[in-house]
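Line by line, the protein sequences give chains D and B. Here my numbering is used: the first residue of the first sequence is 781, the next is one more, and so on. Here my numbering is used: the first residue of the second sequence is 781, the next is one more, and so on. Structure first, then comments.
Number of protein chains: 2
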Amino acid sequence: MEKVAIVGQGMVKFGKHTEKSFVDLAAKASLRALENSRMSEKNIDALYLSSLFAGELNHQVGTASALVDTLGLLPCAANRIENGNAAGGRAIREAYMAIASGVHDIVMVTGCDKMRQVSNATVTDYVATMAHPEAEYVHGVTLPSLAGMLARLYMHKYGMERKHLSMVSVKNQKNGCKNPFAHVQQEITMEGICFEPESEINNPLVADPLRLYDCCPVSDGSASIILCNAERAKEFTDTPVFLSGIGQATDTLAVHERVDPTILNSVREASKQAFAMAKLTPKDISFAELHDAFSILEIVESEDAGFFEKGTGFKALEQGITQKDGAFPINPSGGLKARGHPVGVTGVAQACEITKQLQGEAGEMQIKNAQSAYCCNFGGFGNNVTALIMKRKN
Amino acid sequence: MEKVAIVGQGMVKFGKHTEKSFVDLAAKASLRALENSRMSEKNIDALYLSSLFAGELNHQVGTASALVDTLGLLPCAANRIENGNAAGGRAIREAYMAIASGVHDIVMVTGCDKMRQVSNATVTDYVATMAHPEAEYVHGVTLPSLAGMLARLYMHKYGMERKHLSMVSVKNQKNGCKNPFAHVQQEITMEGICFEPESEINNPLVADPLRLYDCCPVSDGSASIILCNAERAKEFTDTPVFLSGIGQATDTLAVHERVDPTILNSVREASKQAFAMAKLTPKDISFAELHDAFSILEIVESEDAGFFEKGTGFKALEQGITQKDGAFPINPSGGLKARGHPVGVTGVAQACEITKQLQGEAGEMQIKNAQSAYCCNFGGFGNNVTALIMKRKN
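What follows is the structure, encoded as structure tokens:
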């Protein structure tokens, strides 16, 4: 198979973008990715747009083709990927295969979602349509409630305390303060969000034991990367980043059908595939971007991806190992918690953040001597996961 | 690049399927495709689901992963493609690249859309969200109205008469009577739909000059094919069909931006790519399945795909060339006009119909000595087109 490199990346600051149409918001990050590489729009021969709710929340379908037209890429092939929250990672995997098959040379992957122009109740409802329609959704199960049940079960099984969840939020919001593209740039403290009486006021309950600061914000945003055959990478950038491992796996849609819901089988399987392809082990990885839509997910994913033994992720967190200056930083970008989570964009945004780190261009977020990174993009409630491994050197 | 073969196909009869959930309807065609090949679900290592309106009309997203779970394919990679009406053809192209890249061996492509549980006005509105949001949609432009304007312009420019449009409908509904999976199995006559006074009663105006019988019905349906590396094809069927050419192109979203709207540039470009890859010319093709969502489209596509000179497609039709027993049959399956058009399914259904023909399994629809076929899957109003060429022999 051909080797594939990332040669450009661009993002908009996540937050509220009511001033822009869906396609214009997608175009903004795409143009920044073009600027970030030494190429013109004429070089692109296929575009993948990852979006979860283009049609549902923005009343427009066929948006990939619309974006190709707006960017002046005609007659380039266009394709929209919808795969729950893992749409972004999945679009990158499609781009990888398009290049590895020899069909396309240079492929743009752009993620875009706009979710702020509707009420939070509408967003929560649409996000819940990823749950099982007959076994979960109709009974009022939402994604926050599934995350709450996972957290409770994990606490019961492994002895984690409620404070550990807040440690994720405090760490990631601290990291996010250094990220110019983060939706939330506000440092919080354990005293402010975790301990009574402040927590009752500042951090209201969402889905027991999860509170407001355990949940990522609802964001508009877009992010874009450009991939090409690794042999051509130096034409377009001095610092290509190599996509050396990629995996994808599916688990049962209904969470109650899993033998042990504290084990994310799809994270395990996708990671196993990615590590095998990259010929690396978790010990070889410098840092990770994980899918912390809810604080508990960062802890569980850090175990099932293979970085910590099962039931010990919260201990590593408590020991400071996953801090930005720790032995194994997790979410130096601030993660979904601080950067925000325009749902179909997240997988692409993670790849942008890692690209900057491996290029040494991450500014105040920079991890020293970062050589390789892992990220996990988590769709549905873990029924659909993509794992990526990226390296500085081919 | 690896060569890719189709080794199984399955469809449900298009029509109204309110008794089944979205995923159950998708599963039905998928299971038939498995039965049609000599393989079990254990063989499948990736699934693409093409659907235009899973979320909008059925309030469920992440449906590809849900289908993988329902079919018992875990942990197989799952991906939903939304690309306007061309979602089906595009999903086949993704499957092709997944196999050609060496990442996957055996890939299922299933199309599913359910559109009959909402009003026709709702469907027409959602379908119109493929039009340009600011230049077309907000002004009330719908896809039937764009097709009506194309028909009027084409009539003006090339001297076609209104009766030629009806000839497409009469031909395709006649063909559809032989198709057990067609939504509409009703023969119509020129006298009944084309000439006054009957036409005023039987065939009311939709978007001048287009009338009811110029438009495909609104259908629920699903269709599925299984693809694999051509080298392994004989393990799974005695009569594999080879995917020898595939192309994809994008045109301007707003139709008024095209220099000559009677020319479908994306059909031309996608077809050019497909013929080049297959090392064939239009003269080498035995028959075609075209995207006759509106009667005018069959005529215009038959020219831009390269089968007839520009402005002569309607003459070929009048001469009977495109009849089932003509020199170059078009839509022997009945096309979208008779088979129906569950929007994201059509590209997959076309591939099913062609597979049956090239296997000699098309029953009363069978074209004698069919060796190769072309199909065109048309998204938006021609801003996004996939062209496929399939062959009996590799």
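For glycine and all other residues, C-beta sits at the position ideal for the given N, C-alpha and C.
For residue i, does the count of other Cβ atoms within 10 angstroms reach 16, so buried, or fall short, so exposed?
i, result
"GLY920 of chain D", "exposed"
"GLY1143 of chain B", "exposed"
"THR902 of chain D", "exposed"
"HIS963 of chain D", "buried"
"GLU862 of chain D", "buried"
"THR909 of chain B", "buried"
"LEU985 of chain D", "exposed"
"PRO1041 of chain D", "buried"
"GLY842 of chain D", "buried"
"ASP1072 of chain D", "buried"
"PRO989 of chain B", "buried"
"GLY939 of chain D", "exposed"
"VAL1039 of chain B", "exposed"
"SER830 of chain D", "buried"
"SER899 of chain B", "exposed"
"LYS1136 of chain B", "buried"
"SER925 of chain D", "buried"
So with Cβ pairs under 8 Å, would you call residue i a contact of chain B?
i, result
"ARG870 of chain D", "yes"
"GLY1091 of chain D", "no"
"ILE861 of chain D", "yes"
"MET940 of chain D", "no"
"THR909 of chain D", "yes"
"PRO1041 of chain D", "no"
"CYS996 of chain D", "no"
"ALA1085 of chain D", "no"
"GLN1028 of chain D", "yes"
"SER801 of chain D", "yes"
Would residue i and residue j be called neighbours here (beta carbons separated by less than 8 Å)?
i, j, result
"PRO1109 of chain B", "ILE1134 of chain B", "no"
"LEU837 of chain B", "LYS800 of chain B", "no"
"CYS892 of chain B", "GLY1159 of chain B", "no"
"ILE973 of chain B", "SER946 of chain B", "yes"
"GLY1115 of chain D", "ASN952 of chain D", "yes"
"SER999 of chain D", "HIS1121 of chain D", "yes"
"TYR876 of chain B", "VAL784 of chain B", "yes"
"LEU923 of chain B", "VAL1080 of chain B", "no"
"LYS1090 of chain B", "GLU1083 of chain B", "yes"
"ALA1118 of chain B", "GLY956 of chain B", "yes"
"ALA1167 of chain B", "ILE1076 of chain B", "no"
"ALA1150 of chain B", "PHE1067 of chain B", "yes"
"CYS1156 of chain D", "LEU1070 of chain D", "yes"
"LYS796 of chain D", "ARG896 of chain D", "yes"
"ILE1202 of chain D", "LEU853 of chain D", "Outside the modelled stretch of chain D, which goes from 781 to 1174, sits residue 1202 of chain D, for which no answer is possible."
"ALA1058 of chain B", "SER1113 of chain B", "no"
Under the assumption that residue i contacts residue j (Cβ atoms under 8 Å), give the Cβ distance between them as a whole number of angstroms.
i, j, result
"SER1152 of chain D", "ILE1065 of chain D", "5 Å"
"ALA878 of chain D", "CYS856 of chain D", "Not quite, the Cβ-Cβ distance comes to about 12 Å (not below 8 Å), so this is no contact."
"PHE1055 of chain D", "ASN1174 of chain D", "The Cβ separation is near 17 Å, so there is no contact."
"ALA844 of chain D", "ALA858 of chain D", "4 Å"
"GLY1100 of chain D", "GLY1106 of chain D", "5 Å"
"TYR917 of chain D", "PHE833 of chain D", "Contact flag wrong, Cβ pair sits at about 16 Å."
"ALA1131 of chain B", "ILE886 of chain B", "Not a contact, Cβ separation roughly 16 Å."
If you measure from the beta carbon of residue i to each beta carbon in chain D, is any gap under 8 Å?
i, result
"LEU1077 of chain B", "no"
"VAL848 of chain B", "yes"
"LEU1116 of chain B", "no"
"PRO1122 of chain B", "no"
"GLU916 of chain B", "no"
"ASP1031 of chain B", "yes"
"MET895 of chain B", "no"
"VAL921 of chain B", "no"
"GLY1127 of chain B", "no"
"HIS839 of chain B", "yes"
"ALA880 of chain B", "yes"
"PRO924 of chain B", "no"
"GLY795 of chain B", "no"
Three or more C-beta pairs under 8 Å: does that hold for the segment 843–861 of chain B against the segment 1032–1046 of chain D? Three or more pairs of CB atoms, one per stretch, sit closer than 8 Å, so the segment 843–861 of chain B contacts the segment 1032–1046 of chain D.
Take every Cβ of the segment 992–1008 of chain D, pair it with every Cβ of the segment 793–809 of chain D, and state whether three or more of those distances are shorter than 8 Å. Cβ pair count under 8 Å is three or more, so yes.
Report yes or no: do the segment 1041–1059 of chain B and the segment 1006–1018 of chain B share at least 3 C-beta pairs separated by less than 8 Å? With the cut-off at 8 Å, the segment 1041–1059 of chain B and the segment 1006–1018 of chain B do not touch.
Check whether the segment 904–918 of chain D and the segment 807–821 of chain D are in contact - that is, three or more C-beta pairs closer than 8 Å. Fewer than three beta-carbon pairs drawn from the segment 904–918 of chain D and the segment 807–821 of chain D are found closer than 8 Å, and the two stretches are therefore not classed as touching.
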